[in-house]
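S.K.: In order, the protein sequence lines correspond to chains A and B. Per my numbering, the first sequence starts with residue 1, numbered consecutively. Per my numbering, the second sequence starts with residue 1001, numbered consecutively. C-beta: ideal position from N, C-alpha, C; glycine also. Fair warning: this is a prediction, and the values are worked out from it, not measured in the lab. Have a look at this one.
Number of protein chains: 2
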Amino acid sequence: MNSDALRGHMDALILSVLEDRPLHGYAIIEALQERSGGALNVPTGTLYPALRRLERIGYLTSEWATVGGRKRRTYRLTAAGRRQLAGERSAWQAFTAAIGSVLTPRGAG
Amino acid sequence: MNSDALRGHMDALILSVLEDRPLHGYAIIEALQERSGGALNVPTGTLYPALRRLERIGYLTSEWATVGGRKRRTYRLTAAGRRQLAGERSAWQAFTAAIGSVLTPRGAG
DNA sequence: GCCTACATATAGAGAGTCTACATATAGCGT
DNA sequence: ACGCTATATGTAGACTCTCTATATGTAGGC
């Protein structure tokens, strides 16, 4: 599963996996896979530009680190990012309620 | 509510409101508003191109009619459209399950 | 005559996701 | 030494859909 359905929901996903602890890009991809039960396979060409965008907006900050000889850029939620995450969550509820009520079969009634 | 979140879900919405009976474009917009409790306001610049695309793909057929002096183009689901609708519904279930499990807060656990 | 509701349609902008490619280190097996 | 896989970040360009704005026309109420 994937395609373009994620469009517009990537922000919420990224902010959500960063809620409890900072992570670097590669680890975010793995976290999304794990937490979705393998359903979400976000390509690097999607994630990295999204992270930069989120940082530019002010929802994330990043720091470089070297671990085991490999460079990592670790992303952390800002206060604005946490507020945005809360907003994304309620927007998600409204979104699924709206789509769900349209998608529910009505039968012949 | 609206924005770009609908991207990738318009097809399912349109096919779903056409499931029970054929409708013309304007009536589809109204049906989406009603069934979503006013949450979905699909602009004509979104709907009409989408209907043409769906017809081109083979999920819909259309017929012109004149009612009360006004011309209407009425869209009807094809057999392929009904199969697609079934697929869209199960895809929607998988989609919400995946996103939902990522968005669910984990606390300090 | 004017406004609103009904009804369809297109052009162009805009934005985000995807594919494909480029680069580099670490560790394993042979 | 060589190749492969996992780890790790990043960009360019194509793609596709949605949105805004605009255009056209009929019907009915005031």
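Which residues does DSSP list as the beta-bridge partners of valine 67(A)?
M.R.: Arg70(A), per the DSSP bridge assignment.
S.K.: For a test of the three-state rule: what should DSSP assign to serine 1090(B), helix, strand or coil?
M.R.: The answer is helix: DSSP assigns serine 1090(B) an H, G or I state.
S.K.: I'd like to confirm the pairing. Which residues does DSSP put opposite serine 1101(B) in its beta bridges?
M.R.: Answer is none; serine 1101(B) lacks a bridge partner.
S.K.: At the level of alpha carbons, what is the spacing between asparagine 41(A) and arginine 21(A)?
M.R.: When rounded, the distance between both Cα atoms is 21 Å.
S.K.: Looking at the structure shown, is arginine 1052(B) part of a helix, part of a strand, or coil, going by DSSP?
M.R.: In this structure, arginine 1052(B) counts as helix in the three-state DSSP scheme.
S.K.: By a C-beta neighbour count over all protein chains shown, 10 Å radius and 16 as the cutoff for buried, is serine 36(A) buried or exposed?
M.R.: Serine 36(A) should be labelled buried.
S.K.: Kindly confirm or deny that the stretch 1044-1053 of chain B and the stretch 1024-1031 of chain B touch, where touching means at least three C-beta pairs closer than 8 Å.
M.R.: Cβ pair count under 8 Å is three or more, so yes.
S.K.: Give every residue of the same chain whose Cβ lies closer than 7 Å to the Cβ of glutamine 33(A), excluding the five residues on either side of it in the sequence, and list them in chain order.
M.R.: Counting only Cβ-Cβ distances below 7 Å, and skipping sequence neighbours, we find Leu40, Asn41.
S.K.: Could you tell me the distance, in whole angstroms, from the CA atom of glutamate 88(A) to the CA atom of isoleucine 1014(B)?
M.R.: Using only the alpha carbons, I get a separation of about 25 Å.
S.K.: Indicate whether the contact test is met: 3 or more Cβ pairs, each with one atom in the stretch 4-19 of chain A and one in the stretch 49-59 of chain A, closer than 8 Å.
M.R.: They touch, by the three-pair rule.
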